[in-house]
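Data block below; observations after.
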Amino acid sequence: MKSQDFLSIGNEQIELQDFKAAEKTFRAAIAYDSSNLIYQNQLALVLLSVGRHKAARDILTRVLFKDSMNVGALWYGGLSAFTDSAGDFREAVYYFTRVVSLVGKDSPQFFSAHWFIGKSYQNLLILDGLTYDEVSTMLASYTLYLKLQPDAPDFEKVSTFVQHIAKIRPSSNVKKWVNVPG
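Numbering (my numbering), first residue to last: -15 to 166.
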């Protein structure tokens, strides 16, 4: 099988949600060419899709060791940190912040990464609390997302949240703010 065939077949299997077949395809692709980081990223995506976050993160860690600016691995690392039940929203912020610095402003990943940064910080505001600077980053990320996606289905919800937090946020002398809804 040719190198391009693995990718097109595996991606089609992902699209059809045939994750077992896609995993088999990308494992065969990696056996064929272990230096191809795209195959490894796609295998990680398959594993994330079936909830095998630890296995996916192990692969992504190896990819990032070889190429610390690999946008695919950073993106999937951020998704894993954000969606895993044992996930880490601060880790998600780390990954998506790196993605923002590497993709063009016209990339769909640019506005999506800002949404993930904003939402991760929003979750942390309730769970763990945020510093004044982190609240500022959350508001800036969400504001940029809203500017880039004026027709987003969650536009009103995010906009209302941003306005509310901007109005009630404590001053910069507060070390950490936990905003418990209710």
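Think of the CB as a built atom: it goes at the ideal place given N, C-alpha and C, for glycine as much as any other residue.
Got a sec, what are the start and stop residues for the alpha helix (DSSP H) residue i sits in?
{"i": "M53", "result": "It is not in any alpha helix (DSSP H) - M53 carries neither H nor E in the DSSP assignment."}
{"i": "D117", "result": "Y116 to L132"}
{"i": "S96", "result": "P92 to L111"}
{"i": "Q1", "result": "No alpha helix (DSSP H) contains Q1, which DSSP labels as neither H nor E."}
{"i": "A76", "result": "F73 to L86"}
{"i": "A150", "result": "F139 to I152"}
{"i": "A28", "result": "L21 to S33"}
Answer with buried or exposed for residue i, where buried requires no fewer than 16 other C-beta atoms within 10 angstroms of its C-beta.
{"i": "F49", "result": "exposed"}
{"i": "G56", "result": "buried"}
{"i": "S52", "result": "exposed"}
{"i": "E(-1)", "result": "exposed"}
{"i": "V162", "result": "exposed"}
{"i": "N54", "result": "buried"}
{"i": "L(-4)", "result": "Looking at the sequence itself, residue -4 is Glu, so the reference to Leu does not match. It is exposed - the Cβ of E(-4) has fewer than 16 other Cβ atoms within 10 Å."}
{"i": "I22", "result": "buried"}
Since residue i and residue j should fall inside the 8 Å C-beta cutoff, what is the C-beta to C-beta distance between them, to a whole number of angstroms?
{"i": "F3", "j": "V47", "result": "Wrong, their Cβ atoms sit about 19 Å apart, outside the cutoff."}
{"i": "V77", "j": "I101", "result": "6 Å"}
{"i": "L130", "j": "S143", "result": "6 Å"}
Alpha carbon to alpha carbon, what distance is there between residue j and residue i?
{"i": "Y116", "j": "Q133", "result": "26 Å"}
{"i": "P137", "j": "S96", "result": "13 Å"}
{"i": "R82", "j": "V146", "result": "23 Å"}
{"i": "R11", "j": "E140", "result": "43 Å"}
{"i": "L26", "j": "Q93", "result": "Before going on, a small fix: residue 26 reads as Gln here, not Leu. Going from the Cα of Q26 to the Cα of Q93 covers about 17 Å."}
{"i": "T67", "j": "A15", "result": "29 Å"}
{"i": "H148", "j": "L32", "result": "34 Å"}
{"i": "T9", "j": "T45", "result": "21 Å"}
{"i": "W59", "j": "D(-11)", "result": "24 Å"}
{"i": "S64", "j": "A40", "result": "8 Å"}
{"i": "L114", "j": "S69", "result": "21 Å"}
{"i": "D90", "j": "F80", "result": "16 Å"}
{"i": "I43", "j": "K151", "result": "43 Å"}
Inspect the CB distances between the segment 119 to 138 and the segment 104 to 111 and report whether three or more fall short of 8 Å.
-> yes
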